[in-house]
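The next block holds one structure in the form of structure tokens; read it before the comments.
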Amino acid sequence: MYNCDLHFKVARDRYSGYPLTIEGFAYLWAGARATYGARQGRVCYELKVNEEIPVKHLPPTEPDPHVVRVGWSLDSCSTQLGEEPFSYGYGGTAKKSTDCRFESYGEPFAENDVIACLLDFEVGDTIKLSFLKNGRWLGRCPH
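Note that this note's numbering has the sequence shown beginning at 3, numbered continuously upward.
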């Protein structure tokens with residue numbers, strides 16, 4: 003099961019999706035997430051950026067027209083990863099984010115890259131987040 007923004011389309015197979023990019027929608031972040039949570043153990047998922055959807059109607063001055071952000075959040079948070087407390091994102095511009103605080107982390111990712119998102123409840127008293135790009139660990143992502 004999942005929930006998503008109205009301007010995000012999940013494919014029939016429920017394994018892929020894409021944002022609407024017509025006209026003004028190209029300026030909006032569109033998010034989706036699974037509705038099954040985790041409270042213990044170690045969990046992960048992977049996302050492959052299959053294609054950069056054409057947005058030729060955006061001005062050429064748009065610095066990042068194809069950014070993807072992946073991560074984790076509480077169900078009570080919006081689908082805009084990293085823009086609230088208890089919402090943690092890692093974006094294609096090599097930035098981590100939480101509560102609208104953006105800091106350098108990892109490396110940029112884009113079309114054809116596979117990002118793994120790891121969540122570890124079993125190390126000490128805090129939850130550990132980390133990410134992999136194309137199978138290479140990017141290090142712990144402090145939050």
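Ideal Cβ positions, reconstructed from N, Cα and C, are used throughout, including at glycine.
Beta-carbon separation (whole angstroms), residue i vs residue j, contact threshold 8 Å
| i | j | result |
| --- | --- | --- |
| V69 | L49 | That pair is no contact at about 13 Å. |
| L120 | L131 | 7 Å |
| R16 | Y4 | 7 Å |
| R44 | T81 | Contact flag wrong, Cβ pair sits at about 24 Å. |
Assigned exposure category for residue i - 16 Cβ within 10 Å defines buried
| i | result |
| --- | --- |
| I24 | exposed |
| C143 | buried |
| G84 | buried |
| I117 | buried |
| K98 | buried |
| Y145 | In the sequence under discussion, the amino acid at residue 145 is His, which differs from the Tyr named in the question. Result: buried. |
| T100 | buried |
| S75 | buried |
For residue i, the nearest candidate out of the options (CA to CA)
| i | options | result |
| --- | --- | --- |
| P110 | L134, Y17, V12 | L134 |
| R103 | E113, A112, Y92 | Y92 |
| E124 | Q42, S106, T63 | Q42 |
| D115 | P65, E53, Y90 | E53 |
| N136 | D77, T128, D122, A112 | A112 |
| T95 | D101, F88, S106 | S106 |
| D77 | F10, L30, V51, G39 | G39 |
| I55 | T100, T37, F27 | F27 |
Residue-level contact to chain C via CB, residue i, 8 Å cutoff
| i | result |
| --- | --- |
| R103 | Here there is only one protein chain, and chain C is not present. |
Cβ-based neighbour list, residue i, same chain, cut-off 6 Å, excluding 5 preceding and 5 following
| i | result |
| --- | --- |
| L22 | H9 |
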